[in-house]
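Asks: Below you'll find the structure I mean.
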Amino acid sequence: MSSSFAGYRRWSTMEPAAEAILLGNPQAVNNLGLSAAQAKKVQRWLKTYWSYRDSIDGKLGTNSWKAFQRCLKKYWGYTGPIDGVVGKGTIKALQRLLKDSYGYRGPIDGIAGSGTKAAFKRFANAH
């Protein structure tokens, strides 16, 4: 197999949002299991408190996550860049927030598994 196919195979196993970012689409959406209605609640909260300025469209894209990262940096130990990429550091900080007030009981491991997603839904529904 040629090296160009090997690179494709490696990329094709990535999560869609990560692959979209690597392929030049910085507006990748990652709702972490939220419905559009739940994501709109999060966006309204981000608009009210964290300088989110885009549309309330139910798609947590780069600018939604940049606003969320501002919150996570201030209160929940996020130390990465405000870049809107939902990486391990963003998820770890989100897990700290969710563990504190939204019933997350899993490890702070940066993996957005079912427990993280369920707690994120509780967060969204509370806002």
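Take 1266 as the starting number for the sequence shown in the numbering used here and just add one per residue. Yeah, the Cβ is synthetic: ideal placement off N, Cα and C, and Gly gets one too. It should be emphasised that the depicted structure is a prediction, and the values quoted were computed from it without experimental measurement.
1) Write down the C-beta distance between R1309 and I1321 rounded to the nearest angstrom, noting that I regard them as a contact closer than 8 Å.
2) Does the Cβ-Cβ distance between K1331 and I1347 come in under 7 Å?
3) Can you tell me which of the three DSSP states N1390 falls into?
4) If you drop the 5 nearest sequence neighbours on each side, which residues of the same chain put their C-beta closer than 8 Å to that of N1290?
5) Might you give, ordered along the chain, the residues of its own chain that have their beta carbon closer than 6 Å to the beta carbon of K1306, omitting 5 neighbours on each side?
6) Under three-state DSSP, which class holds N1295?
7) Can you tell which of D1365, S1366, Q1360 has the C-alpha that lies nearest to the C-alpha of K1382?
8) Pull up the CB-CB distance for F1385 and L1311, whole angstroms please, since I reckon it's below 8 Å.
9) From this set, S1316, Y1340, S1366, T1327, which residue's C-alpha is nearest G1349's C-alpha?
Replies: Taking the structure as given:
1) As a first step, residue 1309 is located in the sequence shown; it is residue number 44 there, counting from the start. As a first step, residue 1321 is located in the sequence shown; it is residue number 56 there, counting from the start. That pair is a contact at about 6 Å.
2) For the purposes of this step, residue 1331 is identified with residue 66 of the sequence shown, where counting begins at 1. For the purposes of this step, residue 1347 is identified with residue 82 of the sequence shown, where counting begins at 1. Going by C-beta atoms, K1331 is nearer than 7 Å to I1347.
3) By 1-based counting over the sequence shown, the position of residue 1390 is 125. In this structure, N1390 counts as helix in the three-state DSSP scheme.
4) If you number the sequence shown from 1, residue 1290 lands on position 25. With a pLDDT of 44 at N1290, under the threshold of 50, the predicted position of this residue should be treated as unreliable, though the coordinate-derived value follows. Cβ-Cβ distances below 8 Å link N1290 to nothing in the same chain once the five nearest sequence neighbours on each side are left out.
5) On the sequence shown, residue 1306 is found 41 positions in, with the first residue counted as 1. The answer, listed in chain order, is A1389, H1392.
6) By 1-based counting over the sequence shown, the position of residue 1295 is 30. Coil, per DSSP.
7) By 1-based counting over the sequence shown, the position of residue 1382 is 117. When each option's Cα is compared against that of K1382, the closest is Q1360.
8) Position 120 of the sequence shown holds residue 1385. Position 46 of the sequence shown holds residue 1311. Separation of the CB atoms of F1385 and L1311 is rounded to 13 Å, and the pair is thereby denied contact status at 8 Å.
9) Within the sequence shown, numbered from 1, the residue matching residue 1349 stands at position 84. Nearest option by C-alpha distance: T1327.
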